[in-house]
Amino acid sequence: MFKQKYTISIIDSKWNSIKRNLKVDAIPRKGEFIFFEEYYYNVVSVIHQITKKEAVIIVVDKQIT
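Residues -6 to 58, numbered by our numbering, are exactly what the sequence shown covers, in order.
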């Protein structure tokens, strides 16, 4: 089976960039939690921009534990 890698950018709810050009195997869905840089983030929204090259932007909120 072929595995497709997606390139995504992660921003916070104030549209500040957290991580750009991150390669992942699967695009997270709204309501899921993702973990990177020692923190959990709640996925608030997933934005697909379809141009010549598809861009995926993930809007997250940092979870305080």
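Note that the Cβ used here is the ideal one computed from N, Cα and C, for glycine as well.
Owing to the predicted nature of the structure, the values given are computational and were not obtained by experimental measurement.
Given a cut-off of 8 Å, decide if residue 53 and residue 20 are closer than it, judged by their beta-carbon atoms. No, these two residues do not count as a Cβ contact at 8 Å.
Between residue 27 and residue 36, is the Cβ-Cβ spacing less than 8 Å? Cβ distance < 8 Å, so residue 27 and residue 36 count as in contact.
Can you list, in chain order, the residues of its chain with a C-beta nearer than 6 Å to that of residue 33? Leave out the 5 residues immediately preceding and following it. Cβ neighbours of residue 33 beyond the five flanking positions: 26 and 56.
Pull up the distance between the alpha-carbon of residue 30 and that of residue 41, whole angstroms please. Straight-line Cα distance between these residues: approximately 24 Å.
Buried or exposed by the 16-neighbour rule on C-beta atoms within 10 Å, applied to residue -3: By the neighbour-count criterion, in which a residue is buried when 16 or more other Cβ atoms sit within 10 angstroms of its Cβ, residue -3 is exposed.
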